[in-house]
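The opening position of the sequence shown corresponds to residue 0 in numbering that gives the first Met the number 0, with each subsequent residue numbered one higher. We treat Cβ as the ideally placed atom computed from N, Cα and C, and that holds for glycine. On a predicted model such as this, the values are computed, not experimentally measured, just so you know.
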Amino acid sequence: MPESNIFENVSTPWLTPFYTHLQDAYHQGRFAHGLLFTGSSGIGKYKLARQLAQYLLCSNKQHNDACFECHSCQLFSANNHLDFNLLEAEKNKSIGIDQIRLLTDKLNERPQLGNNKVVLIKGADQLTEAAANALLKTLEEPQGDSYLILLTRTHHQLMPTLLSRLQQTHLHSPDDQTLIDWLYQFGFQVSDVGVLRWFQNSPLALLNHLKALQEDASLDTRRQCIEGLFSLLYEPINLFSFAQLLVKDVEQNLLLLFHLLHDLHKLKLNGNQLDPDAIYYFALPQLKIWQTQLSLKSLRLLSDEILKNRSLLMGHSALKKELLVNALLIKIKNEFKEITVC
Ligand SMILES: [Zn+2]
Numbered sequence: 000m001p002e003s004n005i006f007e008n009v010s011t012p013w014l015t016p017f018y019t020h021l022q023d024a025y026h027q028g029r030f031a032h033g034l035l036f037t038g039s040s041g042i043g044k045y046k047l048a049r050q051l052a053q054y055l056l057c058s059n060k061q062h063n064d065a066c067f068e069c070h071s072c073q074l075f076s077a078n079n080h081l082d083f084n085l086l087e088a089e090k091n092k093s094i095g096i097d098q099i100r101l102l103t104d105k106l107n108e109r110p111q112l113g114n115n116k117v118v119l120i121k122g123a124d125q126l127t128e129a130a131a132n133a134l135l136k137t138l139e140e141p142q143g144d145s146y147l148i149l150l151t152r153t154h155h156q157l158m159p160t161l162l163s164r165l166q167q168t169h170l171h172s173p174d175d176q177t178l179i180d181w182l183y184q185f186g187f188q189v190s191d192v193g194v195l196r197w198f199q200n201s202p203l204a205l206l207n208h209l210k211a212l213q214e215d216a217s218l219d220t221r222r223q224c225i226e227g228l229f230s231l232l233y234e235p236i237n238l239f240s241f242a243q244l245l246v247k248d249v250e251q252n253l254l255l256l257f258h259l260l261h262d263l264h265k266l267k268l269n270g271n272q273l274d275p276d277a278i279y280y281f282a283l284p285q286l287k288i289w290q291t292q293l294s295l296k297s298l299r300l301l302s303d304e305i306l307k308n309r310s311l312l313m314g315h316s317a318l319k320k321e322l323l324v325n326a327l328l329i330k331i332k333n334e335f336k337e338i339t340v341c
C-alpha cells in the first residue's frame, strides 16, 4: 500500500474544524480556486486534501461530508476519478513545466462526471520556477469550477507570486490531551510526554511508530540498541559503530534509544519491575543492571539531551549527524557509574 494511503481510514479530529470551515465556505460561494495546506509531514495534509477533493466532486454532498455512495464517490474511492488528478513530486526530483502543462490542460477540459475538477499537488516546494509560473497562469484565469490544492511542509520555498494567488492554511498539531485521547482509540496508552514531543507535529507518524513497535517491526534495531549501549559501556572502542547504526535512520533510532532510557526510568520508579508490554522488556536482566548505574537525575538529563539532539540533527549532513551522535553517546557513557571495564 502506498504510504499516502496508510491513514486513509484513520480519523484526524484535529483537522475537523478546518474541514467544516472549508465546506461552509464552499456553500457560501467563498471557496478559493487555489488552496495551499502547509504543516509537518504526518499532520494529515494529504488525507485532508483527498477528503476535500472527494467532497468537491461528490454529486450528492451531505451536511458535513461527501456521501460516499454516489458514482463519483465510488470512482474516487477506487482511485479512478477522471476529474481528479494527483501530482506527486518524486523523492529528490523537481516538478517540471511539462508535468504542470499536462495538468493545466486537463483543468481546461470540461469535467467528465459532475461540475467540478480537482488537481492535487503533493510536495509543491519541488515545483521549478517555470512550473510555478505555468501554474500561476491557471490560477489567474481559473476555468469554471476547477480547484487546485497544493501541499507542502512550509511555504518558504514557494514563489511569492504563486503564494499570493493561494489561500494558505497552516495545519497545527492537536494539544497533548487530544493526542492522548486519539491514540487511546487505537489501543495505545501514551503517558510519556517525551514521546509526544518527539512527534509533536506529526500525529500520524506517532501512530505509525506505535504500530510498528506493536508489530515488532523495530525489534532488530532495539536489540542493536541494547548491544550498542553494552559495547559503549564495556568496550569503548565500539563507540563509532553504535553511532553509525543510530545515524542510519537517526530520527527513528534515537527515539528507540529514548525509549530505552524511558524503560530504565520505569524500572527505577517501580521497584525494579517492568510491564511485559514495555518496549525493552526482552532485555530485562540487562536493564536491571543498568538502572542501578544511573540516577533519576541522569536519566532525565539524558532523555532531555536526546530530545534536544533530535532537533539539532534535523537538516544536517550525515557527517555532522555522526559527530552530534558521537557527542551524545559520550554524554550517555559518562552518566553511568561504576562501570567495570572487562
Ligand atoms: Zn458522493
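Exposure of residue i, with buried meaning 16 or more beta-carbon neighbours within 10 Å
i	result
Tyr280	exposed
His62	exposed
Asp82	buried
Ser3	Note on Ser3: pLDDT 47, under 50, position unreliable in the model; the coordinate value appears next. Result: exposed.
Ser163	exposed
Cys341	Summary for Cys341: the model assigns pLDDT 43, below 50, so the residue's position carries little reliability, and this model does not support an answer.
Lys296	exposed
Tyr233	exposed
Asn269	exposed
Thr19	exposed
Lys336	exposed
Phe198	buried
Gln125	buried
Lys46	buried
Ala77	exposed
Leu101	exposed
Thr339	With a pLDDT of 49 at Thr339, under the threshold of 50, the modelled position of this residue cannot be trusted, and the question is left open.
His32	buried
His264	buried
Thr374	Because the chain in this structure spans residues 0 to 341, residue 374 falls outside the shown range and cannot be described.
His80	buried
Those residues which DSSP pairs with residue i across a bridge
i	result
Gly43	DSSP lists no partner for Gly43.
Glu87	Lys121
Leu149	Leu35 and Ile120
Thr168	Phe36
Ile96	Answer by DSSP bridge pairing: none, since Ile96 is not bridged.
Spatially closest choice to residue i from the options, by CA coordinates
i	options	result
Ala317	Leu245, Lys332, His154 and Phe30	Leu245
Trp289	Met313, His261 and Gly28	His261
Pro173	His20, Pro16, Lys332 and Ala130	Pro16
Leu85	Phe75, Gln156 and Asn91	Phe75
Lys121	Phe36, Leu106, Lys60 and His155	Phe36
Met158	Tyr183, Ala129 and Asn207	Ala129
Ala356	Ile99, Leu106 and His154	Outside the shown range of the chain, which is 0 to 341, sits residue 356, and nothing can be said about it.
Lys105	Gln142, Gln167 and Gln184	Gln142
Lys247	Gln22, Glu321 and Phe187	Glu321
Pro110	Arg152, Leu55, Leu283 and Glu87	Leu55
Ala88	Val117, Ala123, Ala77 and Asn79	Ala123
Leu14	Phe30, Gly28, Leu51 and His26	Leu51
Leu218	Gly186, Leu238 and Leu256	Leu256
Glu140	Arg152, Gln166, Thr103 and Leu112	Thr103
Glu250	Phe239, Lys60 and Thr220	Thr220
Glu334	Leu101, Leu293 and Leu306	Leu293
Val117	Arg49, Gly28 and Leu306	Arg49
Leu119	Thr151, Ile96 and Lys267	Thr151
Ser40	Leu205, Leu263, His32 and Lys319	Leu205
Glu214	Asp276, Gly193, His26 and Tyr25	Asp276
Ile148	Gln285, Phe30 and Arg299	Phe30
Gln156	Thr168, Asp175 and Thr127	Thr127
Gln166	Thr11, Pro12 and Ala24	Ala24
Asp175	Phe185, His169 and Asn200	Asn200
Lys136	Ile96, Gly43 and Gln22	Ile96
Other residues of its chain near residue i: CB distance less than 8 Å, five sequence neighbours each side excluded
i	result
Leu323	Asn308, Leu311, Leu312 and His315
Lys330	Leu301 and Glu304
Asn271	Lys287 and Gln290
Ala242	Glu321, Val324, Asn325 and Leu328
His343	This structure cannot settle anything about residue 343, because the visible part of the chain is limited to 0 through 341.
Ser240	Gly227 and Ser230
Leu283	Leu273
is_contact[residue i, chain C] using C-beta, thresh 8 Å
i	result
Ile148	Absence of chain C from the displayed structure is noted, only one protein chain being present.
Cut-off 7 Å between Cβ atoms - residues of its own chain near residue i, not counting five sequence neighbours on either side
i	result
Cys57	Ala65, Cys66, Cys69, Ser71 and Cys72
Val189	Ile179, Leu182 and Leu195
Gln53	Ala65, Cys72 and Phe75
Asn114	Asp144
Cys224	Leu255, Leu256 and Leu259
Pro1	With a pLDDT of only 42 at Pro1, under the threshold of 50, the placement of this residue in the model should not be trusted; the figure read from the coordinates follows. Contacts found: none.
Phe187	Leu209
6 Å CB neighbourhood of residue i in its chain, flanking five on each side removed
i	result
Val9	none
Ile94	Ala88, Gln125, Leu126 and Ala130
List in chain order: all unbroken beta strand (DSSP E) runs of 3+ residues lying wholly within the stretch 198 to 286. DSSP runs (the beta strand (DSSP E)) wholly in the stretch 198 to 286: none.
Contained beta strand (DSSP E) runs [length at least 3] in the stretch 107 to 134, N- to C-terminal order: Counting only runs of 3 or more, we get 116 to 121.
What beta strand (DSSP E) runs, 3 residues minimum, are completely inside the stretch 6 to 62? Within the stretch 6 to 62, the runs of beta strand (DSSP E) at least 3 residues long that lie entirely inside it are, in chain order, 33 to 37.
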